[in-house]
Amino acid sequence: MNWSIGIRKRDKVALALGFIFLVIVLANWFVNYSMKQVSHHFKSVYEDRLVPALDISAIVERSYKNHLLLEEHILTDDTTEKEKLSGDISQNQKQIDSILVKFEGTYLTIDERQSLENYKKARQNLLTVQNAILSQSGNLNTVAAKKSFNTAGNASFQLLLNPLHDLSKIQGTIGHELLNSAERQMNFIKLLTTLVIAMAVIIALLVATLLQTSRKLNSIKQQNFRLN
Numbered sequence: 114m115n116w117s118i119g120i121r122k123r124d125k126v127a128l129a130l131g132f133i134f135l136v137i138v139l140a141n142w143f144v145n146y147s148m149k150q151v152s153h154h155f156k157s158v159y160e161d162r163l164v165p166a167l168d169i170s171a172i173v174e175r176s177y178k179n180h181l182l183l184e185e186h187i188l189t190d191d192t193t194e195k196e197k198l199s200g201d202i203s204q205n206q207k208q209i210d211s212i213l214v215k216f217e218g219t220y221l222t223i224d225e226r227q228s229l230e231n232y233k234k235a236r237q238n239l240l241t242v243q244n245a246i247l248s249q250s251g252n253l254n255t256v257a258a259k260k261s262f263n264t265a266g267n268a269s270f271q272l273l274l275n276p277l278h279d280l281s282k283i284q285g286t287i288g289h290e291l292l293n294s295a296e297r298q299m300n301f302i303k304l305l306t307t308l309v310i311a312m313a314v315i316i317a318l319l320v321a322t323l324l325q326t327s328r329k330l331n332s333i334k335q336q337n338f339r340l341n
């Protein structure tokens, strides 16, 4: 009778041991999966948020430079200087084109795509106004160029900045969300790690119980053998 009870107890311990081992395997798999997700989040923060944010800053910087260069173009009477300023403006525009191609290659949300389209439309409008002012200034029609710069030039430039500011805000918001998600996953990983350690301790206790049960069974078998 004691021998039968010992067998049942050993089977229960073995079953519990197998179940805990399965839990540990699953927890380990989920930890590895979560670590990959966290790595992806941090990579996305860098590649799709930090770098594009720097690109947006570069676009804003070059846009401001061109606005100032355009004003200098109007104010100078030196033809050679005007040609140099026109070349600088053109070079900045080419750099902005390159940055835009790079920016469009990153992951963009629906709001980002909409703001980017708004920027492109505003930029096209600014370029049209800018070229008209450059033409007026190049023909030494300074009065008309100043008037255009102070009205249509400033207005179109402000319209250009609005979608860029929207893009900057979106970068910050989504980047913050990604970091929060990564932090939540890291906390969950810590919890799973603690669970695995606890399971390991339980396994050690179950193994000890199993060994103790085996010893008792062996002792019972020896006693029965002697009685026989």
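Under our numbering, think of the first position of the sequence shown as 114, with each following residue one higher. Heads up, the beta-carbon is just placed ideally off N, CA and C, and yes, glycines get one too.
Cβ separation of residue i and residue j, assumed to be a contact under 8 Å, to the nearest whole Å
i: glutamine 249; j: alanine 258; result: 4 Å
i: aspartate 168; j: isoleucine 202; result: Aspartate 168 to isoleucine 202, Cβ: 20 Å. No contact.
i: leucine 305; j: phenylalanine 143; result: 6 Å
i: asparagine 205; j: asparagine 179; result: 5 Å
Reduced DSSP secondary structure (H/G/I, E/B, other) of residue i
i: glycine 266; result: helix
i: asparagine 252; result: coil
i: threonine 189; result: coil
i: serine 117; result: Low per-residue confidence applies at serine 117: pLDDT is 49, beneath 50, and the placement is therefore not dependable, though the value from the model is reported in the following sentence. It is helical.
Sequence-distant residues of the same chain with beta carbon closer than 6 Å to residue i, five excluded per side
i: isoleucine 137; result: Val309 and Met312
i: histidine 186; result: Lys195, Leu198 and Ser250
i: alanine 265; result: Val242
i: leucine 280; result: Ile169 and Ser228
i: leucine 128; result: none
i: valine 173; result: Leu277
i: asparagine 238; result: Ser269
i: asparagine 231; result: Pro276
i: isoleucine 316; result: Ile133
i: asparagine 267; result: none
Contacting residues, own chain, Cβ-Cβ under 8 Å from residue i (five flanking each side not counted)
i: threonine 189; result: Lys195 and Leu198
Cβ-based neighbour list, residue i, same chain, cut-off 7 Å, excluding 5 preceding and 5 following
i: phenylalanine 132; result: none
i: aspartate 224; result: Ile283
i: lysine 287; result: The sequence given here places isoleucine at residue 287; lysine does not occur at that position. Taken in chain order, the residues that qualify are Arg162 and Thr222.
i: phenylalanine 262; result: Leu183, Glu184, Ile187 and Ile246
i: threonine 255; result: Ile187
i: arginine 236; result: Leu273
- Item | Secondary structure, alpha helix (DSSP H): runs of 4+ residues fully inside the stretch 192–251 | 192–217 and 223–251
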